[in-house]
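In this note's numbering, the protein residues as written are -11 to 111.
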């Protein structure tokens, strides 16, 4: 018991993460963030994969991969341009990115039910 307390007190607290620094030029960063912000504002709360599909449709020149887009989304969240919400339905969680000013449409969303209609099926 005493040894556990000593070990616990000896460990250093976890250091805070340093701010994200994007390696793209400021003009390109501004273009990318405007496109992503426009997509999220127009199409409401979206998952990362849905956002990536929309970005590929638009064809942003500066985004090279989905990983790069995730870093930009994290940077935008850090600067409080976007927020991340969790849609918790039963045992499933769905994380959605949205702007601060859009109304949440997550009440009707359920994970995995995007293609099904809301009408009951008749036998």
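Backbone N, C-alpha and C fix where the C-beta goes; we use that ideal spot for every residue, glycine too. Computed from a predicted structure; not experimentally measured.
>> So the candidates are 44, 5, 14 and 39; which of them puts its Cα closest to the Cα of residue 72?
In response: The residue with the shortest Cα to Cα distance from residue 72 is 39.
> Which stretch, first to last residue, makes up the beta strand (DSSP E) that contains residue 82?
Replying inline: If you look at residue 82, you'll find it in the beta strand (DSSP E) that goes 80 to 87.
> Are at least three pairs of beta-carbons, each pair with one atom in the stretch 57 to 77 and one in the stretch 17 to 24, less than 8 angstroms apart?
Replying inline: Short answer: they touch.
>> Just to confirm before moving on: does the CB-CB distance between residue 35 and residue -10 stay below 8 angstroms?
In response: no
> Helix, strand or coil: how does DSSP classify residue 34 here?
Replying inline: strand
> Do residue 12 and residue 50 have their CB atoms nearer than 8 angstroms?
Replying inline: A contact, by the Cβ cut-off of 8 angstroms.
>> Considering just the uninterrupted stretch of the alpha helix (DSSP H) at residue 77, what are its terminal residues?
In response: Unbroken run through residue 77 is the beta strand (DSSP E), 70 to 77; no alpha helix (DSSP H).
> Mind checking residue -5: buried by the 16 CB within 10 Å criterion, or exposed?
Replying inline: exposed
>> Relative to the C-alpha of residue 68, which candidate in 89, 77 and 37 has its C-alpha closest?
In response: Closest by alpha carbon: 89.
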